[in-house]
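A short write-up of the structure that comes next.
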Amino acid sequence: MKGKKGFFIVTVICCLFCFACGKGKEESILVVGTNPEFVPFEYMEGEEIKGFDIDLMNQIGKKIGKKVEIKSMNFDGLLPALQSKKIDVVIAGMTATEERKKHVNFTKNYYISQQNIMVKENKEHNLEQLKGQKIGVVLGYTGDVFISSKNEYSVERFNSASAAILALQADKVSAVILDEEPAKQYVKQNSGLSTFAIYEGKEEYAIALHKDNISLLEEIDKALEDLKEDGSYDKLYQQYFTK
Ligand code: GLN
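For the sequence shown, the numbering used here begins at 8 and goes up steadily by one.
What follows is the structure, encoded as structure tokens:
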């Protein structure tokens with residue numbers, strides 16, 4: 008009886024202490040920013056945000072004991088939101104570029120990609136043939152940075168991949184440059200388009216965090232490693248990337 012009573016008192020004191028700190032609940036939520044316009048990494052299905060990145064993030068959340076809360080934002084608003092600590096992490100098929108690394112930290116990569124050209128079927132299908140022509144990109148994507156660094160093209164910037172594809176279909180641009188997987192998905196969903204890889208460098212997708220948040224970075228890296236070791240990452244990869 009005495010023992011039970013003691014246990015009860017200790018439990019009550021612990022609960023009161025946690026309550027007084029008021030931190031328990033807050034700390035267990037991980038606010039994740041993404042831009043759901045990047046199939047199959049993140050996209051809208053009805054009202055819901057779905058995709059490889061979302062599933063991966065939820066699995067990471069489970070490993071590190073945090074509840075994942077996904078926030079949808081514009082792609083170019085993601086890093087500013089991270090820097091002003093409105094969100095804790097960004098997962099958005101985001102390439103860990105040297106430029107971005109000046110402002111935020113990235114975890115180890117979780118996916119390797121490259122840029123693709125999309126054209127109307129039977130049209131020019133390499134960069135050489137497209138010299139002097141109008142190329143569509145999404146503002147601020149790595150495809151924009153890549154083609155803008157070359158002087159031989161006139162670059163048209165769009166706010167989303169779907170807007171760029173519409174311009175391609177309406178012959179307002181000769182080609183669109185986009186990351187490989189979303190490009191393949193657009194080709195699948197829209198007849199009359201084809202896509203080709205640009206063999207100029209690989210891109211590593213990684214999760215971005217505020218420079219201050221080193222302990223969370225380490226936790227996520229460890230969780231990623233565990234998911235790769237226990238087969239969960241491969242399962243997810245099969246689910247999204249094998250045709
Ligand atoms: N990988 C590209 C980038 O980082 C595109 C990302 C995206 O559209 N979500 O700019």
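Every residue, glycine too, gets a C-beta built ideally from N, C-alpha and C.
Does the beta-carbon of residue i, which I'm using as the reference point, lie nearer than 8 Å to any heavy atom of ligand 1?
i	result
T149	yes
P189	yes
M80	no
V145	yes
F248	no
F45	yes
Please look up how many angstroms separate the CB atoms of residue i and residue j, rounded, as I've assumed it's under 8 Å.
i	j	result
G272	A174	Any property of residue 272 remains undetermined from this structure, which presents the chain solely from 8 to 250.
A171	V145	6 Å
Can you tell me the Cα-Cα spacing of residue i and residue j, whole angstroms?
i	j	result
G29	S222	Note on G29: pLDDT 47, under 50, position unreliable in the model; no value is reported.
Q246	Y50	15 Å
I67	K218	19 Å
V39	R164	27 Å
N112	A215	6 Å
E105	F248	27 Å
K235	V46	22 Å
Q136	I124	12 Å
N197	A213	29 Å
K127	V180	10 Å
K32	K115	Any reading at K32 must be qualified, since the residue scores a pLDDT of 45, below 50, and its modelled position is unreliable; no value is offered.
K209	D151	15 Å
Q192	S169	11 Å
Verify the contact flag: residue i, CB atom, against every heavy atom of ligand 3, threshold strictly below 8 Å.
i	result
T102	For ligand 3, the structure offers nothing, since it holds only ligand 1.
Go through its chain and collect everything with a Cβ distance to residue i's Cβ below 6 Å, but skip five positions before and after it.
i	result
Y160	I142 and I154
D186	S120
Take every Cβ of the region 56 to 76, pair it with every Cβ of the region 98 to 109, and state whether three or more of those distances are shorter than 8 Å.
-> yes
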